[in-house]
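*Asks:*
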Amino acid sequence: MTFVTVISALTTASLAWLVFGSTSFRFGLWDDVAFLVSAAIFLYAFVHLLGAHANEVAKDARRTAAEGEGERDRDRNDHWQANA
104 MTFVTVISAL TTASLAWLVF GSTSFRFGLW DDVAFLVSAA IFLYAFVHLL
154 GAHANEVAKD ARRTAAEGEG ERDRDRNDHW QANA
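If you read the sequence shown in my numbering, its first letter stands for residue 104, the second for the next number, and so on.
1. Looking at the structure shown, is Thr105 part of a helix, part of a strand, or coil, going by DSSP?
2. Can you tell me the Cβ-Cβ gap for Thr105 and Ala148, rounded? I've got them flagged as a contact below 8 angstroms.
3. Let me know if Phe123 comes out buried or exposed under the rule of 16 or more other beta-carbons within 10 Å of its beta-carbon.
4. Flag this pair as yes or no: are the beta carbons of Ala137 and Leu118 separated by less than 8 angstroms?
5. Assuming contact is defined by CB atoms lying nearer than 8 angstroms, are Leu121 and Asp134 in contact in what I supplied?
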């Protein structure tokens with residue numbers, strides 16, 4: 104996880120406890136807004152992290168497929184040269 108994701112998760116968790124878990128603190132609308140903003144930042148960072156990971160996996164898959172095609176072409180050329 105990235106630094107932004109970790110900080111966002113900790114902020115979201117602490118604000119969630121403050122908003123929903125604490126009975127001694129009631130700030131009204133502003134704590135709800137702060138929680139929603141931090142949750143949105145966390146979700147954005149998390150989705151961005153998943154997207155970056157998916158992009159890397161796709162690049163690796165394309166690279167592996169291209170290497171496999173290159174090996175098949177070399178094998179085919181070797182076969183034709185051996186039989187020529």
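Ideal placement from N, C-alpha and C gives every residue a C-beta, glycine not left out.
*Replies:* In terms of the structure at hand:
1. coil
2. 7 angstroms
3. exposed
4. yes
5. yes
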